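One structure is given here, and the rest of the page talks about it.
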Amino acid sequence: MGRAFGLFGKIWLNNFVKPVEERVLMKYLLEHDVERLLEIGVGTLERTERLLGAGSSRPVRYVGIDPFESRLPSDPPGVSLKEAHRRLTKQAQVQLVPGPVDATLARVSNHIGVFDMVIVASGLEDRSLERVWFFVRRLVRPTSAVFRQTAEGKWTQLSRDELDAKSRQILGRQAA
Numbered sequence: 028m029g030r031a032f033g034l035f036g037k038i039w040l041n042n043f044v045k046p047v048e049e050r051v052l053m054k055y056l057l058e059h060d061v062e063r064l065l066e067i068g069v070g071t072l073e074r075t076e077r078l079l080g081a082g083s084s085r086p087v088r089y090v091g092i093d094p095f096e097s098r099l100p101s102d103p104p105g106v107s108l109k110e111a112h113r114r115l116t117k118q119a120q121v122q123l124v125p126g127p128v129d130a131t132l133a134r135v136s137n138h139i140g141v142f143d144m145v146i147v148a149s150g151l152e153d154r155s156l157e158r159v160w161f162f163v164r165r166l167v168r169p170t171s172a173v174f175r176q177t178a179e180g181k182w183t184q185l186s187r188d189e190l191d192a193k194s195r196q197i198l199g200r201q202a203a
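Residue numbers (the working numbering): 28 to 203.
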């Protein structure tokens, strides 16, 4: 993505963007050319709009997977599919895929391509996330970045080895 921000714009994005936990995501966007972004767990779209706003002048291909209208009362808050389309199509080439994240990702993973950056939000069911990692592994290049949000809201980048280990865990459980 790497929009041509001036020096002060880069300083602001790296040091003053709120919430503080998202600064690691902004820093990555500023330092890397992200043209394809996958977000699993879209939520209220506030984070998504900030990330796409820090993007390049070139069209960004954004894929968002979220329960949307099928959210349970125990799920984190979110927007409707229609609202997400309305708000995001101004900022990127958008493909939104509704449904349970694990089953939805399994269904579309052969059709959505590979991504430069993958963001997996917290608040998703642990059981669903176990299956997600297997498919995420197939959707990234060696140069791609995968970020996972902890229950406390902190974002951490998964190493290639961590992603491989998570993918192998689900394969081991399926074999048993």
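Using N, Cα and C, we set each Cβ at its ideal position, and we do this for glycine too.
In this text the structure is predicted, and so the values were computed from the model without any measurement.
Beta-carbon gap between residue i and residue j smaller than 7 angstroms
i             : j             : result
valine 135    : valine 121    : no
aspartate 129 : valine 159    : yes
arginine 114  : leucine 72    : yes
alanine 148   : glutamine 118 : no
leucine 151   : glycine 68    : yes
isoleucine 92 : threonine 116 : no
Beta-bridge partners of residue i, as assigned by DSSP
i                 : result
tyrosine 89       : Leu64, Val121
phenylalanine 174 : Ile146, Gln184
Reduced DSSP category for residue i - H, G, I as helix; E, B as strand; rest coil
i             : result
arginine 168  : strand
glutamate 179 : coil
serine 101    : coil
alanine 111   : helix
alanine 81    : coil
valine 135    : helix
valine 106    : coil
leucine 56    : helix
valine 141    : coil
valine 128    : helix
valine 69     : coil
threonine 75  : helix
leucine 156   : helix
leucine 151   : coil
Cβ distance (whole Å) where residue i is taken to contact residue j below 8 angstroms
i          : j           : result
leucine 78 : leucine 108 : Their Cβ separation, rounded to whole angstroms, is 19 angstroms, which puts leucine 78 and leucine 108 out of contact at 8 angstroms.
Residues of its chain near residue i, where Cβ-Cβ distance is below 8 angstroms and the 5 sequence neighbours each way are ignored
i            : result
leucine 166  : Leu65, Ser136, Ile139, Gly140, Val141, Phe142, Val145
arginine 187 : Pro169
alanine 17   : Summary: the structure shown does not reach residue 17, with the chain confined to residues 28 through 203, and so no result is reported for it.
leucine 185  : Val173, Phe174, Arg175, Lys193
glutamate 96 : Ser107, Leu108, Pro125
alanine 202  : Low per-residue confidence applies at alanine 202: pLDDT is 46, beneath 50, and the placement is therefore not dependable, though the value from the model is reported in the following sentence. Nothing listed; no residue qualifies.
Contacts around residue i, its chain only, beta-carbon distance under 6 angstroms, and the 5 residues preceding and following it disregarded
i            : result
arginine 98  : Gly105
arginine 63  : Arg88, Phe142, Asp143
glutamate 48 : Gly180, Lys181, Trp182
alanine 178  : Ser149
7 angstroms Cβ cutoff, residue i in contact with chain B
i           : result
glycine 180 : Among the protein chains of the structure shown there is no chain B, as only one such chain exists.
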